[in-house]
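All the letters of the sequence shown, read from the start, carry residue numbers 0 to 238 under numbering that gives the first Met the number 0. We put the beta carbon where it would ideally sit given N, CA and C, even for glycine. Presented below is the structure to which this report refers.
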Amino acid sequence: MKTTEIWHSLRARVSTYEPAVVLAFLVASLAGFLFLHLTGEMLEGETRGFDEAILRALRDPLDLGSPIGPTWLTKALTDLTSLGGVTVLTLITSLAVIYLLLIRKGITALVVLVSVLSGWLISNTLKLGVARPRPDLVPHLVEVNDLSFPSGHAMLSAVTYLTIGLLLSQMQPSRAARYYFVVVAILLTLMIGLSRVYLGVHYPTDVLGGWSAGSAWACLCWLVGRRVIPDHERPKLAA
């Protein structure tokens, strides 16, 4: 088969899918590749210089126990980081599932629940498999007691907020409302991950790993959701 024939065949196949589906597949693939690459580099010690430079840059060079910036910033990020904790994420997931059940979106509720629970299982499995200790270069500004890679807060917030945001966006007849759910989910995920580095409880690559693994899983779950969620649970997009 000639190159031009192959190209036209690929274009024909891609054109049968919605742009959002193609984008979700690409994001899942790239995020998965990034996670595998980061894991390999981290295990070989190639990311050590980068990680330590970022952690030091966020602290007073004369007192590594003092973060840069005003006092209110530390307090704000300490509050913000709790949005990625198990308690808050469990509450958010429960409220989302209950809401979906109340409006008779039972299949969507099941997809959300299975997606989030399986994502949490994957996160814990990866932590145990990699077994990277927490950074000890700078004092921790919040209490932690588990392993470091990937960041549980970064990955679980990505899995939870992105999965819920993407699936809820499917239910919105307004294009603006769909974008709103997705943008809010992304912003929450980014801010929670950044707070973990600022507070000194994770290396930057822990957070990057968590974001990439969580984003890949959320996109895959969204793709599955599009196949299993019935049409009557997804309103048509308004003009």
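Every unbroken alpha helix (DSSP H) within the segment 130-175, with a cutoff of 4 residues, ordered by chain = 151-156, 162-169
Proximal residues to residue 63 (C-beta, below 8 Å), its chain only, five neighbours per side dropped | Along the sequence shown, read from residue 1 onward, the residue named residue 63 stands at position 64. The residues are 55, 136, 137, 138.
In its own chain, which residues sit with a C-beta less than 6 Å from the C-beta of residue 7, not counting the 5 before and 5 after it?
-> Locating residue 7 in the sequence shown gives position 8, where the first residue counts as 1. Caution is warranted here: a pLDDT of 49 is assigned to residue 7, below 50, making its placement in the model unreliable, and the coordinate value is therefore given only provisionally. So no residue of the chain qualifies.
Return the chain-ordered list of same chain residues with a C-beta closer than 6 Å to the C-beta of residue 185, the five sequence neighbours on each side being excluded.
-> Taking the first residue of the sequence shown as position 1, residue 185 is located at position 186. Nothing listed; no residue qualifies.
Residue 140 vs residue 38 beta-carbon contact at 9 Å | To locate residue 140, count along the sequence shown from 1; it is residue 141. To locate residue 38, count along the sequence shown from 1; it is residue 39. Contact: no.
Could you round the C-beta distance between residue 199 and residue 149 to whole angstroms and report it? I think they count as a contact, below 8 Å.
-> Numbered from 1 along the sequence shown, position 200 holds the residue referred to as residue 199. Numbered from 1 along the sequence shown, position 150 holds the residue referred to as residue 149. Actually they do not touch by this definition, with Cβ atoms about 17 Å apart.
In whole angstroms, what is the alpha-carbon distance linking residue 12 and residue 18?
-> Here the question's residue 12 lines up with position 13 in the sequence shown. Here the question's residue 18 lines up with position 19 in the sequence shown. Legend: pLDDT at residue 12 = 46, less than 50; position of this residue unreliable, value from coordinates given subsequently. Rounded to the nearest angstrom, the two C-alpha atoms are 12 Å apart.
Tell me the start and end of each unbroken beta strand (DSSP E) in the segment 67-93 that is at least 3 residues and wholly inside, in chain order.
-> none
Reduced DSSP secondary structure (H/G/I, E/B, other) of residue 209 | For the purposes of this step, residue 209 is identified with residue 210 of the sequence shown, where counting begins at 1. Of the three classes helix, strand and coil, the one that applies to residue 209 here is helix, per DSSP.
How long is the line joining the alpha carbons of residue 225 and residue 50, rounded to whole angstroms?
-> Here residue 225 corresponds to residue number 226 of the sequence shown, with the count starting at 1. Here residue 50 corresponds to residue number 51 of the sequence shown, with the count starting at 1. Between residue 225 and residue 50, the C-alpha separation is close to 38 Å.
With residue 152 and residue 80 assumed to form a contact (beta carbons below 8 Å), what rounded beta-carbon distance in angstroms separates them?
-> To locate residue 152, count along the sequence shown from 1; it is residue 153. To locate residue 80, count along the sequence shown from 1; it is residue 81. Going by Cβ atoms, the distance from residue 152 to residue 80 rounds to 6 Å, so yes, they are a contact pair.
Have a look at residue 213 and residue 122 and give me their C-alpha separation to the nearest angstrom.
-> Taking the first residue of the sequence shown as position 1, residue 213 is located at position 214. Taking the first residue of the sequence shown as position 1, residue 122 is located at position 123. Taking the straight line from one Cα to the other gives about 8 Å.
Thinking residue 187 and residue 160 are a contact (beta carbons under 8 Å), I'd like their distance in whole angstroms, please.
-> The count along the sequence shown starts at 1 and reaches residue 187 at position 188. The count along the sequence shown starts at 1 and reaches residue 160 at position 161. Confirmed, about 5 Å.
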